[in-house]
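Data first, discussion second: the structure below is written as structure tokens.
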Amino acid sequence: MLTRAAELAGSTSSSTSRTAVVAVVIPCFNEAAAIGAVIDGFRTALPQAAIHVFDNASTDGTADVAARHGALVHRVELRGKGNVVRRMFADVEADVYVMTDGDATYDLANIGPMVDGVLQAGFDMVVGARVAAGDAPAYRAGHKLGNRLLTGSVALLFGGDFRDMLSGHRVFSRRYVKSFPAAAHGFETETELTIHALELRMACLEMPVTYRARPEGTHSKLSTWRDGWRILGTIGRLFTSERPLAFYLLLAAALAALAVGLGVPVVLHYFETGLVPRLPTAVLATGIMLSALLSLVSGIVLHQVTLSRQEAKRLAYLAIPATRGTR
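So the number in the working numbering is just where the residue sits in the sequence shown, counting from 1, plus 1249.
Quick look at the structure:
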């Protein structure tokens, strides 16, 4: 992925296609000390882009600061990053969507090549893989470890080779945005964004982005343990809904192994004596084995339902014209 990123960074477009509409969408909650710098940075890096700030009912004047710096401000009363992302993707119309956090931690030096990854190379999602800036304590050890574990879990269950699944710095095609069924409420939305791309086998790219320390006077809204558990729960929920055959097959195997472990001694004793003295154990083993068979059948049925649902999502994705143009 990063090799391809290097090629994009050095490429220039000779295309005569139309100029694409680029929208920068920034979810914010109490980022008054940083949002101005983020908006000014995008004004320099992507002067043609429309900048939208979605203020999640901030109480520190974030919306006023964003408006003074020339951004289009939208107010979202329902708290949670996932709720904000749902509104952003529904309300903004563009060819390319640049999403970033409002905390001024992401360097914008390669935002142009990231946009070109969608416009010229045809990727549906370009993810900024965070690289800590020198010795700055921007990327806390707990967050880094959690990111590795959660990213590895998604790779194990859904495939893909993402290095930073939880990055909030991304560029999307219109096809991606308008086919994304946002269901998350909070910070688990990045997990949904990644799995949606993997499920539809979209073309994705990762590019390194320098990750800096937060400006003084600001603090992270991410809780390592609380949000980590929520993200893990989202992975589990999506595994059961998007990979039902694998999930219920594992469950059936575990139940069958338990039933065999309980039932074999009873069966051996019966063959030796012709008696079943442990009748409750025999009944329990039989019930667990029936549950295993029911689990297997449920997995097969739900697998067919999931295939139909994925086909419908794929058709909805294909109904949206591909994004092409220049910035």
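For each residue, glycine too, the CB sits at the ideal point set by N, CA and C.
The structure presented is a predicted model; accordingly, all values stated were derived computationally and were not measured.
Requested in this report: Give the single residue among T1459, S1402, W1474 whose Cα lies nearest to the Cα of T1443.
Outcome: As a first step, residue 1443 is located in the sequence shown; it is residue number 194 there, counting from the start. When only C-alpha atoms are compared, the closest one is S1402.
Report task. Kindly indicate which three-state DSSP category V1270 falls into: helix, strand or coil? Result -> Position 21 of the sequence shown, counting from 1, holds the residue named residue 1270. Looking at V1270 - three-state DSSP - the assignment turns out to be coil, as it is neither helix nor strand.
Report task. Identify, in the order they occur along the chain, each residue of the same chain with its Cβ nearer than 8 Å to the Cβ of R1563, setting aside the five sequence neighbours on each side. Result -> Start at 1 with the first residue of the sequence shown, and residue 1563 comes out as number 314. Cβ neighbours of R1563 beyond the five flanking positions: L1449.
Requested in this report: Look up S1469 in the DSSP assignment and say whether it is helix, strand or coil.
Outcome: The residue given as residue 1469 occupies position 220 in the sequence shown. In this structure, S1469 counts as coil in the three-state DSSP scheme.
Query raised in the report: V1513: which of L1499, T1530, Y1497 sits nearest, CA to CA?
Result: Taking the sequence shown and counting its residues from 1, the one referred to as residue 1513 is at position 264. It is T1530.
Query raised in the report: When the Cα of L1504 is compared with those of L1539, L1487, R1492, which residue comes out closest?
Result: Sequence index remark: in the sequence shown, residue 1504 carries index 255 (1-based). Nearest C-alpha to L1504: L1539.
Query raised in the report: Buried or exposed: which applies to V1271, given that a residue is buried once 16 or more other Cβ atoms fall within 10 Å of its Cβ?
Result: Sequence index remark: in the sequence shown, residue 1271 carries index 22 (1-based). Burial call: buried.
Query raised in the report: For V1375, which residues of its own chain have a beta-carbon under 7 Å away from its beta-carbon, when the five flanking residues on both sides are left out?
Result: To locate residue 1375, count along the sequence shown from 1; it is residue 126. So the list reads M1363, G1366, V1367, R1419, V1420, L1454, M1456, once near-sequence residues are dropped.
**Report entry** Range covered by the beta strand (DSSP E) that runs through M1348
**Finding:** Locating residue 1348 in the sequence shown gives position 99, where the first residue counts as 1. It spans 1345–1348 - the beta strand (DSSP E) in which M1348 sits, taken as one unbroken run.
Query - For A1320 and I1288, believed in contact at Cβ under 8 Å, the rounded distance - result: As a working note, residue 1288 is residue 39 in the sequence shown. As a working note, residue 1320 is residue 71 in the sequence shown. The pair is a contact, with the Cβ atoms about 5 Å apart (cut-off 8 Å).
Requested in this report: Within the same chain, show all residues whose beta-carbon is closer than 6 Å to that of E1441, passing over the 5 residues directly before and after it, in chain order.
Outcome: Numbered from 1 along the sequence shown, position 192 holds the residue referred to as residue 1441. These residues qualify, in order along the chain: A1433.
Query raised in the report: Would you call L1567 buried or exposed, if buried means 16 or more other Cβ atoms sit within 10 Å of its Cβ?
Result: Within the sequence shown, the letter at position 318 stands for residue 1567. Label assigned to L1567: exposed.
Report task. Check whether the Cβ atoms of Y1497 and S1428 lie closer than 8 Å to each other. Result -> In the sequence shown, residue 1497 corresponds to position 248, counting from 1. In the sequence shown, residue 1428 corresponds to position 179, counting from 1. No, the pair does not count as a contact, with Cβ atoms beyond the cut-off.
Query - Environment of A1431 [buried if 16+ CB atoms lie within 10 Å] - result: Your numbering for residue 1431 matches position 182 in the sequence shown. It counts as buried.
Requested in this report: Select from A1281, V1273, C1277, R1267 the residue whose C-alpha is nearest the C-alpha of G1466.
Outcome: In the sequence shown, residue 1466 corresponds to position 217, counting from 1. Taking only the C-alpha atoms, the option nearest G1466 is A1281.
Report task. Sort P1276, P1493, V1322 by Cα distance to L1551 and report the nearest one. Result -> Here the question's residue 1551 lines up with position 302 in the sequence shown. Here the closest residue by C-alpha is P1493.
Query raised in the report: How is the beta strand (DSSP E) around A1432 delimited, first residue to last?
Result: Indexing the sequence shown from 1 puts residue 1432 at position 183. Careful: A1432 lies outside any beta strand (DSSP E) and carries neither H nor E.
Report task. Grab the span of the beta strand (DSSP E) containing L1321 for me, first residue to last. Result -> Numbered from its first residue, the sequence shown carries residue 1321 at position 72. That run of the beta strand (DSSP E) goes 1321–1324.
Report task. Note down the Cα distance separating M1451 from T1489, rounded to an integer number of angstroms. Result -> Your numbering for residue 1451 matches position 202 in the sequence shown. Your numbering for residue 1489 matches position 240 in the sequence shown. Taking the straight line joining both Cα atoms gives about 21 Å.
Requested in this report: Measure how close the beta-carbons of H1301 and V1334 come, nearest whole angstrom, since I'm counting them as under 8 Å.
Outcome: In the sequence shown, residue 1301 corresponds to position 52, counting from 1. In the sequence shown, residue 1334 corresponds to position 85, counting from 1. At roughly 12 Å, the Cβ-Cβ gap does not stay under 8 Å, so H1301 and V1334 are not in contact.
Requested in this report: Use the C-beta contact count for Q1297: other C-beta atoms within 10 angstroms, 16 or more gives buried, fewer gives exposed.
Outcome: The residue you call residue 1297 lines up with position 48 of the sequence shown. It is exposed - the Cβ of Q1297 has fewer than 16 other Cβ atoms within 10 Å.
Query - Exposure of G1477, with buried meaning 16 or more beta-carbon neighbours within 10 Å - result: Position 228 of the sequence shown, counting from 1, holds the residue named residue 1477. Buried, because 16 or more other Cβ atoms sit within 10 Å of the Cβ of G1477.
**Report entry** Separation of L1528 from Y1214, as counted between CA atoms
**Finding:** Summary: the structure shown does not reach residue 1214, with the chain confined to residues 1250 through 1576, and so no result is reported for it.
Query raised in the report: Who does H1301 pair with in a DSSP beta bridge?
Result: Stepping through the sequence shown from its first residue, residue 1301 is reached at position 52. H1301 pairs with V1274, L1321.
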